[in-house]
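Below: one structure, written as structure tokens.
In the numbering used here, the protein residues as written are 161 to 641.
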């Protein structure tokens with residue numbers, strides 16, 4: 161009897177992975193759990209750094225304008241080296257290119273993921289993230305003292321030499337880091353979709369929780385280390401964290417691709433090259449108007465939230481809040497982002513992904529319009545905004561991939577997902593640059609009001625797009641979808 165039970169357990173275990181979505185059959189099996197943890201670490205790197213961009217923007221402005229080293233040199237040597245005027249538009253190029261590559265780089269791996277899984281691409285993305293961010297840490301302003309003559313003499317034969325930060329260095333290194341983020345994002349969402357279908361919204365929300373956690377911890381780490389250690393050492397610590405997250409993601413991720421490996425085993429190099437050249441970018445998807453609408457909706461959600469995250473800290477400083485208070489607002493926003501991740505569970509059990517996305521995106525648009533336009537100068541207004549907006553954006557951003565899976569199910573999820581994000585990437589440049597032009601040199605409060613109106617409108621368009629799709633597919637019936 162014991163031998164029979166042992167045989168049956170072995171048989172059941174061997175057939176677990178043969179299910180189309182094994183995680184739906186047994187969510188507590190060790191393999192889908194480890195894969196979920198690996199994807200969690202991967203998205204902590206991707207969205208955690210993205211959510212902390214608001215904390216990074218003032219630092220980059222300080223490095224490019226020489227404000228930090230001007231302050232240090234004046235305190236130590238009583239020498240005034242002067243500062244440089246840096247436009248918000250110039251700073252916006254760093255983040256717009258990063259976001260472009262983050263959203264668009266997945267197109268490079270979508271076809272490969274659909275044919276051979278995510279493991280190799282996760283390794284490449286992780287290595288690229290580590291190298292690029294270590295390079296980013298070396299791009300700040302600095303100064304040295306030696307006996308070579310310069311304009312700044314300290315004493316005797318000692319002269320001070322200033323190395324100015326270059327905008328192009330930040331753009332290149334942070335842009336390459338965006339490529340790694342895009343690859344890892346596509347790998348993580350594609351990997352979890354191989355394990356779950358019925359529970360996909362829940363587990364997409366769980367792995368996206370890392371973005372909120374990173375958005376809480378990273379700004380605090382940046383603020384404390386930058387003020388005491390300077391730009392380079394602060395970013396080296398950041399690089400160490402990114403290294404850990406990259407390794408953990410690669411080691412733990414297991415995308416359940418064994419059952420499809422046989423299909424590709426007999427393909428020759430020429431066959432593979434032909435398929436990748438033909439299917440990596442599939443613009444025919446856009447001939448389906450539903451795919452075009454969902455791509456527009458995703459673009460508005462991703463880019464709209466990114467420009468708000470980028471400029472919120474600068475807005476708070478302009479309104480007279482201290483730097484600590486500005487970082488506190490970001491922390492509160494990401495803390496309530498954790499609440500927003502639970503909306504995936506509510507969507508799975510009660511109201512459906514589309515309804516939840518529409519509600520959250522509309523709430524984010526309305527709160528931006530009301531609180532930042534009218535109540536931004538009041539502490540209570542800012543905290544209320546961070547609570548409502550933070551929970552709303554986390555809700556719809558974690559559910560966007562599940563909305564795609566609701567309409568199109570099949571083995572081409574990776575290609576559709578990456579093509580949709582390519583569209584969002586292309587929309588990054590005009591939206592972020594328009595936002596930078598509206599704000600200008602960060603000296604006018606009324607310009608920020610126009611910017612928040614613009615941001616609110618972008619999010620509203622996204623909500624309308626998802627509402628239209630919900631109506632087209634299910635009509636006005638009050639059912640879960």
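Where is the CB? At the ideal position from N, CA and C, for every residue including glycine.
Subject >> Chain-order list of residues whose beta-carbon lies under 6 Å from that of residue 193 (same chain, five-residue window excluded) >> reply: none
**OP:** Quick one: using the 10 Å Cβ neighbour count with 16 as the cut-off for buried, is residue 501 buried or exposed?
**Re:** buried
Original post:
Using CA coordinates, which residue listed in 358, 198, 448, 370 is at the minimum distance from residue 565?
Top reply: 358
Original post:
Okay, do the stretch 620 to 629 and the stretch 493 to 509 touch, 3+ Cβ pairs below 8 Å being the bar?
Top reply: no
Original post:
So who's on the other strand from residue 313, going by DSSP bridges?
Top reply: 319
Subject >> Inter-residue Cα distance where the pair is residue 298 and residue 334 >> reply: 12 Å
Subject >> Supposed contact pair residue 342 and residue 263 - C-beta distance, whole angstroms, cut 8 Å >> reply: 6 Å
Original post:
Taking Cβ to Cβ, would you say residue 626 is nearer than 8 Å to residue 533?
Top reply: no
**OP:** List the DSSP bridge partners of residue 581.
**Re:** By DSSP's assignment, residue 581 forms no beta bridge with any residue.
Subject >> Three-pair Cβ contact test at 8 Å for the stretch 631 to 638 versus the stretch 468 to 478 >> reply: Not touching, per the Cβ criterion.
Original post:
Taking all protein chains shown into account, do 16 or more other C-beta atoms lie within 10 angstroms of the C-beta of residue 590, making it buried, or fewer, making it exposed?
Top reply: exposed
Subject >> 8 Å Cβ cutoff, residue 618 in contact with chain D >> reply: No chain D is part of this structure, which consists of one protein chain only.
**OP:** List the DSSP bridge partners of residue 302.
**Re:** Beta bridge pairing from DSSP links residue 302 with 323.
Subject >> Cβ neighbours of residue 203 in the same chain (closer than 6 Å, five flanking residues each side left out) >> reply: 348, 367, 368, 370, 371
**OP:** Taking residue 667 as the reference, give the member of 365, 538, 548, 215 with the closest Cα.
**Re:** The question about residue 667 has no answer, for the chain in this structure spans 161 to 641.
Original post:
Cβ of residue 205 within 8 Å of Cβ of residue 386?
Top reply: no
**OP:** State the CB to CB distance for the pair residue 491 and residue 380, rounded to an integer number of angstroms; the pair is presumed to be in contact (CB under 8 Å).
**Re:** 7 Å
**OP:** Give me the Cα-Cα distance between residue 397 and residue 445, rounded to the nearest whole angstrom.
**Re:** 42 Å
Original post:
From this set, 411, 535, 241, 378, which residue's C-alpha is nearest residue 314's C-alpha?
Top reply: 241
Original post:
Quick one: Cα of residue 629 to Cα of residue 616, how far?
Top reply: 21 Å
Original post:
What do you reckon, are the CB atoms on residue 559 and residue 519 nearer than 8 Å?
Top reply: no
**OP:** Check the C-beta distance from residue 537 over to residue 478 and give it rounded, since I have them as a contact under 8 Å.
**Re:** With 8 Å as the limit, residue 537 and residue 478 do not qualify as a contact, their Cβ atoms being about 10 Å apart.
**OP:** Please classify residue 245: does DSSP put it in a helix, a strand, or coil?
**Re:** Of the three classes helix, strand and coil, the one that applies to residue 245 here is coil, per DSSP.
Subject >> Alpha-carbon to alpha-carbon, residue 486 and residue 258 >> reply: 23 Å
**OP:** Identify whether residue 239 lies in helix, strand or coil by the three-state DSSP scheme.
**Re:** coil
**OP:** Count the other CB atoms, across all protein chains shown, that sit within 10 Å of the CB of residue 278; report buried if there are 16 or more and exposed otherwise.
**Re:** buried
Original post:
Taking the alpha carbon of residue 356 as the point to measure from, which residue in 345, 189, 527, 585 has its own alpha carbon closest?
Top reply: A check of alpha carbon separations from residue 356 across 345, 189, 527, 585 identifies 189 as the nearest.
Original post:
So, is residue 606 buried or exposed, given that buried needs 16 or more other C-beta atoms within 10 angstroms?
Top reply: With fewer than 16 other Cβ atoms within 10 Å, it is exposed.
Original post:
Would the C-beta of residue 289 count as close to the ligand ADP, meaning under 7 Å from any of its heavy atoms?
Top reply: With respect to the ligand ADP, the structure offers nothing, as it holds no ligand at all.
Original post:
Expressed to the nearest angstrom, what Euclidean distance is found between the alpha-carbon atoms of residue 551 and residue 353?
Top reply: The C-alpha of residue 353 is placed about 24 Å away from the C-alpha of residue 551.
Subject >> Proximity to residue 293 [Cα-Cα], best of 542, 511, 394 >> reply: 394
**OP:** Please report the residue range of the alpha helix (DSSP H) in which residue 473 lies.
**Re:** 449 to 478
Original post:
Using a Cβ-Cβ cut-off of 7 Å (strictly less than) and excluding sequence neighbours within five positions of residue 545, which residues of its own chain qualify?
Top reply: Taking residue 545 as the centre and dropping the five residues before and after it, the same chain places the C-beta of 527, 531, 532 closer than 7 Å to its C-beta, in chain order.
Original post:
How about residue 339 and residue 261: are their beta carbons less than 8 Å apart?
Top reply: yes
Subject >> Other residues of its chain near residue 610: CB distance less than 8 Å, five sequence neighbours each side excluded >> reply: Cβ neighbours of residue 610 beyond the five flanking positions: 598.
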